[in-house]
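Sequence order for the protein chains is L and A.
Be aware that the first sequence starts at 330, since it is given in our numbering, and climbs by one per residue.
Be aware that the second sequence starts at 330, since it is given in our numbering, and climbs by one per residue.
Glycine included, each C-beta is placed from N, C-alpha and C at the ideal position.
From a predicted model like this one, the values you see are computed outputs, not experimental measurements.
Quick notes on the structure that follows.
There are 2 protein chains.
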Amino acid sequence: MGDCQSGGCGSQNQAKQEQDVELKNTLSKIKYKLIVMSGKGGVGKTSVSVNLGIALANRGFKVGIMDVDLHGPDVPRMLGLKGEVEASKDMPKLTPMSYSDNLKAISMECFMPNKDDAVIWRGPLKHSAINQFITDIDWGELDFLIVDSPPGTGDEPLSVAQTIPDAKAIIVTTPQEVALSDVRKSINFCKKINKEMFGMVENMSGYACPHCGETADLFGSGGGEATAKQFNINFLGKIPFDPKIVKAGDSGSSYQDENQDAVAAKAFGEIADKVAELLNT
Amino acid sequence: MGDCQSGGCGSQNQAKQEQDVELKNTLSKIKYKLIVMSGKGGVGKTSVSVNLGIALANRGFKVGIMDVDLHGPDVPRMLGLKGEVEASKDMPKLTPMSYSDNLKAISMECFMPNKDDAVIWRGPLKHSAINQFITDIDWGELDFLIVDSPPGTGDEPLSVAQTIPDAKAIIVTTPQEVALSDVRKSINFCKKINKEMFGMVENMSGYACPHCGETADLFGSGGGEATAKQFNINFLGKIPFDPKIVKAGDSGSSYQDENQDAVAAKAFGEIADKVAELLNT
Chain L
330 MGDCQSGGCG
340 SQNQAKQEQD
350 VELKNTLSKI
360 KYKLIVMSGK
370 GGVGKTSVSV
380 NLGIALANRG
390 FKVGIMDVDL
400 HGPDVPRMLG
410 LKGEVEASKD
420 MPKLTPMSYS
430 DNLKAISMEC
440 FMPNKDDAVI
450 WRGPLKHSAI
460 NQFITDIDWG
470 ELDFLIVDSP
480 PGTGDEPLSV
490 AQTIPDAKAI
500 IVTTPQEVAL
510 SDVRKSINFC
520 KKINKEMFGM
530 VENMSGYACP
540 HCGETADLFG
550 SGGGEATAKQ
560 FNINFLGKIP
570 FDPKIVKAGD
580 SGSSYQDENQ
590 DAVAAKAFGE
600 IADKVAELLN
610 T
Chain A
330 MGDCQSGGCG
340 SQNQAKQEQD
350 VELKNTLSKI
360 KYKLIVMSGK
370 GGVGKTSVSV
380 NLGIALANRG
390 FKVGIMDVDL
400 HGPDVPRMLG
410 LKGEVEASKD
420 MPKLTPMSYS
430 DNLKAISMEC
440 FMPNKDDAVI
450 WRGPLKHSAI
460 NQFITDIDWG
470 ELDFLIVDSP
480 PGTGDEPLSV
490 AQTIPDAKAI
500 IVTTPQEVAL
510 SDVRKSINFC
520 KKINKEMFGM
530 VENMSGYACP
540 HCGETADLFG
550 SGGGEATAKQ
560 FNINFLGKIP
570 FDPKIVKAGD
580 SGSSYQDENQ
590 DAVAAKAFGE
600 IADKVAELLN
610 T
């Protein structure tokens, strides 16, 4: 109240209005916004975000990856991006980190001097951070903005849905029932908040033993495809488990560029093609 | 302000005080409180919570499992518990769901008629739900309360830390670096909020091919043990990946009771023994 009487409220409103204008302006330069979600953690959501981003960039699209998993931001490590994003006096916006000419990324980790620090924030602060990841970053013209969201149906995906109304959801799952039951929650979450469900990816779908070549279903198989059919969502593809994806993610090297003939590498490429085809780009 | 002037504020304060008394009363009957955390999702945190609970219950301890993963509550499915918890007029508290005489559990899912519904809550509502999971549930006398927390360092683990000040943290991780970097965040989170780090479990540590018997490291190996040593945390044990754990979790049957000779089943038992030994129970 005191602030309002002294005029503080008006300047706050003005700042909010300016941010809203900036938000619309930034988003208008981005053709397609994809939010990569999962019901359950550890299904390889970030691996899919990063590898889909690389595959689209390899196909000539301009891609940005926005890592809004504020508590466990893994995108920079997986892309091998180090250092911090810094503000400069002359530039009104921050430059995102660059993986290649076609692929930029931003993450909470880019702002943390000690990468092992924990972000202990409750909801409202997170919402504000997500807003700034759009308004304060110089994304430029993009074909795709891929938003890597933390698992579940909590603050972050809700904030992204509110901040980027035309974002389309890609849901990543493994084939086991425990993951699928959480996927159904994600689908209901999207329905409730009127978010378009664009497609589903089944990850860690089968594993070929490196010793004998026989395939084993680590987490069952086919459950993601069946769930996509049941809810009438585009099924974008299956990616088999490959320990080299884990190793590449840990070391920050590009799995698909280094293992071009691997089944999983081809699967990422096919998913990128399908995404582009479905969106008529 | 209006509420305070009309006395509403006083009655709100009184309700809060009564809840605080009830909270202390309930917690005083529980000998050890363990919060099972992970930096990253999908490392098998819930599998560890559930199997540690079953192993401790099999050893004669009275155990409660409190599932505070409000967005992806998997404990009831993994324990094969169905139906809802209902309030009755005659009982002041709700009876938790019962897996066996020694093992009770409560989860957001117990209150949801449609199990596929998404809980779309921001922080403050979650805090209140976690509080009520303690004060409104008839836990009785327990040796162990195992709190299965969602991954990361967000609202839920923070609320548990505030609500149960003497909870000790068990951190579950897989051996790969992407998981370990998030574990270091969890460790720093515990340090910041003065939460005792009790122990670490390395899950999905190696995998024996069901066809040829050869072992493969799906997610690397040894990283959890090394991190525990680095931060001077008790290392509670390694659990190999076994697809039967996934299947048992999906069907709600007890992996360790049905596969008593399996390496992973024995590992869960040894972890339970170590927990009991370290706590001098």
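Element boundaries [alpha helix (DSSP H), containing asparagine 563/A]: It is not in any alpha helix (DSSP H) - asparagine 563/A instead sits in the beta strand (DSSP E) that spans 563-567.
Reference histidine 400/L; option with closest CA among Asp571/A, Val507/A and Ala594/A: Val507/A
Nearest residue (CA-CA) to alanine 496/L, options Phe462/L, Lys360/L and Gly370/L: Lys360/L
Threonine 503/L burial status per 10 Å Cβ neighbour count (16 or more: buried): buried
Glycine 339/L versus glutamine 348/L: straight-line alpha-carbon distance, rounded: 14 Å
Pair within 7 Å by beta-carbon distance, alanine 447/L and asparagine 523/A: no
4-residue-minimum alpha helix (DSSP H) runs that sit fully inside the stretch 468-553 of chain A, ordered along the chain: 484-492 and 506-521
For serine 515/A and valine 397/A, believed in contact at Cβ under 8 Å, the rounded distance: The pair is not a contact, with the Cβ atoms about 15 Å apart (cut-off 8 Å).
Helix, strand or coil at glycine 370/A according to DSSP, with G and I counted as helix: coil
Chain L contacts made by the stretch 447-469 of chain A, where a contact means CB separation under 9 Å: Ala447, Val448, Ile449, Trp450, Arg451, Gly452, Pro453, Lys455 and His456
Within-7 Å CB hit, asparagine 517/A to chain L: yes
Beta bridge counterpart(s) of glycine 393/A as assigned by DSSP: Lys433/A and Leu474/A
Methionine 426/L (DSSP reduced to helix, strand or coil): strand
For arginine 406/A and glutamate 587/A, the rounded distance between their alpha carbons: 17 Å
Alpha-carbon to alpha-carbon, alanine 591/L and serine 580/A: 33 Å
Per DSSP, the bridge partner or partners of tyrosine 584/L: For tyrosine 584/L, which the question treats as bridged, DSSP gives no partner whatsoever.
Lysine 374/L versus glycine 542/A: straight-line alpha-carbon distance, rounded: 30 Å
Simplified DSSP assignment, three categories, for valine 365/A: strand
Phenylalanine 560/A - DSSP class collapsed to helix/strand/coil: coil
Min CB distance valine 404/A to chain L below 7 Å: no
Beta-ladder partner(s) of phenylalanine 570/L, from DSSP: Tyr536/L
Aspartate 590/A - containing alpha helix (DSSP H), residue span: Looking at the DSSP string, aspartate 590/A is not in any alpha helix (DSSP H), and its letter there is neither H nor E.
Sequence-distant residues of its chain with Cβ nearer than 7 Å to cysteine 439/A (five each side left out): Pro405, Glu413, Val414 and Met426
Same chain, Cβ closer than 7 Å to threonine 464/L, neighbours up to 5 away in sequence not counted: Gln348, Glu351, Leu352 and Thr355
Three-way DSSP call (helix, strand, coil) for isoleucine 463/A in this model: helix
Assigned secondary structure, lysine 360/L (DSSP; H/G/I helix, E/B strand, else coil): strand
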